[in-house]
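Written out below as structure tokens is the structure these notes cover.
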Amino acid sequence: MRAGPPYLADRNAVVRLIVAAGFVLAIGLGALAATSSAAVPADGVAPPGLRVQGNLLVNTAGDTVQLRGVSRSLAVSACIQGWAVLSPPSDQASIDAIKTWRTNAVRVPLNEDCWLGINGAPPQSSGPVYRQAVTDYVNLLNQNGLYAILDLHWNAPGDQLSSGQQPMPDTDHAPAFWTGVASAFRDNNAVILELFNEPYPDEARDTPEAWACWRDGGTCPGVSFPVAGMQTLVNTVRATGATNVIALGGVRWSNFLSQWLAYAPSDPQNNLVASWHVYNFNTCSDVACYDSSVAPIAARVPVLATEIGTNTCDAAFLNALMGWLDARHSGYLAWTWNTWGTDCAAGALVSDYAGTATPYGEIYRSHLASFP
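The numbering used here numbers the first residue of the sequence shown as 52 and each following residue consecutively.
In structure tokens:
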């Protein structure tokens, strides 16, 4: 989904809104340097680290953790436009409001050029100041008992500015980005690293060529630049010493997981989860598809739906999806905790940062309220 107005993209033949720290020595600046599934975060208590155990996420005590939370799109567009480092607010009060919805996780989409401070990204809102702001926000989330998920959301090859979504990570900068991010958070396993927001190589088709590109990168159909595949990025993260859980979304904007097991990269930590995006307008958006295409993956590895939502306020769709995920102890995060309008199509959960729900947000808030 989108990272902030007015960015638009064509998905599944439907115009939809898109969304959508450590630096690397290679570019000269040097690297910066789970609660239980039913638990509400305790003030001032950082959540215990996460790891994969079979098809579940567990914390350091061995307790199963089901993540339930929101995406907070504050670190993607403002920094590249130069009007703020993080789109406000990012303070304690704003996190308190998120916690009132009985969440235990927040997803923070990131901008490649803002992190690296390259390609003309405004110096007042990128590079060291951006990396510090992201680090401070993640630390504040953790101090409030919330897990953080960081994803590479906007990127661009060469000297292009990362002002929108691309079909795959670029070889030019994505490895440097993940060297920096992984170095910054390698000692914090309350942070999940989602390597790329929504892959859609081979013109967003579910083909062997798309999946080979997804894993191996290189020259790919439907992508105009050299691609850094998921195996390269997993290797990049692990080379920093980071043992964090890594989340990998499938093809077709992370909606298709059909070949995830067959093409999953090798991870020496055995700490990979399948991230999944599900909206009412996606191709795989009903229980029959979940059962046939996603359940086999969820039986083997954790599935984490890092974006869910509906642009029509379809409560039946959203509740069926969350019920399906709940039955498997699979986590989910709704798009998005931003005040982009109260119309269902805006994809905004709240009308203000005190946590007042929009009609769409109320569907999600009510479901979370059913948990202890």
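Yeah, the Cβ is synthetic: ideal placement off N, Cα and C, and Gly gets one too.
Fair warning: this is a prediction, and the values are worked out from it, not measured in the lab.
Am I right that residue 273 and residue 253 are in contact with their C-beta atoms under 8 Å? What's the rounded C-beta distance? Sequence index remark: in the sequence shown, residue 273 carries index 222 (1-based). Sequence index remark: in the sequence shown, residue 253 carries index 202 (1-based). With a contact defined as Cβ atoms closer than 8 Å, residue 273 and residue 253 qualify at about 5 Å.
Helix, strand or coil: which one does DSSP assign to residue 115? Within the sequence shown, numbered from 1, the residue matching residue 115 stands at position 64. Residue 115 carries a strand assignment under DSSP once its states are collapsed to helix, strand and coil.
Need the endpoints of the beta strand (DSSP E) that residue 204 sits in, please. Locating residue 204 in the sequence shown gives position 153, counting from the first residue. Start and end: 198 to 205.
Distance check for residue 197 and residue 237, CA to CA, integer angstroms please. For the purposes of this step, residue 237 is taken as the residue at position 186 of the sequence shown. For the purposes of this step, residue 197 is taken as the residue at position 146 of the sequence shown. Each residue's alpha carbon lies about 17 Å from the other.
Out of 295, 122, 346 and 186, which one is the CA nearest neighbour of residue 158? Along the sequence shown, read from residue 1 onward, the residue named residue 158 stands at position 107. Of the candidates 295, 122, 346 and 186, the residue whose Cα lies closest to the Cα of residue 158 is 122.
Residue 231 - containing beta strand (DSSP E), residue span: Sequence index remark: in the sequence shown, residue 231 carries index 180 (1-based). First-last for residue 231: 225 to 236, but that is the alpha helix (DSSP H), not the beta strand (DSSP E).
Roughly how many angstroms separate the alpha carbons of residue 242 and residue 187, rounded to a whole number? In the sequence shown, the residue the question calls residue 242 occupies position 191. In the sequence shown, the residue the question calls residue 187 occupies position 136. Their backbone Cα atoms lie some 13 Å apart in a straight line.
According to DSSP, is residue 265 helix, strand or coil? On the sequence shown, position 214 is the one that residue 265 refers to. DSSP places residue 265 in helix when its eight states are reduced to three.
Integer-rounded CB distance, given that residue 261 should sit under 8 Å from residue 299: Position 248 of the sequence shown, counted from the first residue, corresponds to residue 299. Position 210 of the sequence shown, counted from the first residue, corresponds to residue 261. About 14 Å; that fails the 8 Å criterion.
Buried or exposed for residue 347, going by 16 or more other Cβ atoms inside 10 Å? Taking the first residue of the sequence shown as 1, we reach residue 347 at position 296. Around the beta-carbon of residue 347, fewer than 16 other beta-carbon atoms lie within 10 Å, marking it exposed.
Which residue wins for smallest C-alpha separation from residue 422, given the options 206, 117 and 322? Translated into positions along the sequence shown, residue 422 becomes position 371. Of 206, 117 and 322, the residue nearest in Cα terms is 117.
So residue 402 and residue 390 are supposed to be a Cβ contact under 8 Å. How far apart are they, rounded? Residue numbering aside, residue 402 sits at position 351 when the sequence shown is read from its first letter. Residue numbering aside, residue 390 sits at position 339 when the sequence shown is read from its first letter. About 6 Å separates the CB atoms of residue 402 and residue 390; that is less than 8 Å, so the two are in contact.
Residues bridged to residue 102 (per DSSP): Numbered from its first residue, the sequence shown carries residue 102 at position 51. When beta bridges are read from the DSSP output, residue 102 appears opposite 109.
Going along the chain, which residues of its own chain have a beta-carbon closer than 6 Å to the beta-carbon of residue 412, five neighbours each way excluded? Against the sequence shown, residue 412 aligns to sequence position 361. Cβ neighbours of residue 412 beyond the five flanking positions: 400 and 401.
What does the Cβ neighbour count give for residue 309, buried or exposed, with the cut at 16 atoms within 10 Å? Working through the sequence shown from its first residue, we reach residue 309 at position 258. With 16 or more neighbouring CB atoms inside 10 Å of its own CB, residue 309 falls in the buried class.
Using 8 Å as the threshold, is the region 165 to 180 in touch with the region 223 to 239, meaning 3 or more CB pairs across them? At 8 Å Cβ cutoff, the stretches touch.
Please determine if the region 314 to 328 and the region 102 to 116 are in contact, where contact requires at least 3 C-beta pairs separated by less than 8 Å. The region 314 to 328 makes contact with the region 102 to 116, as at least three CB pairs between them are under 8 Å.
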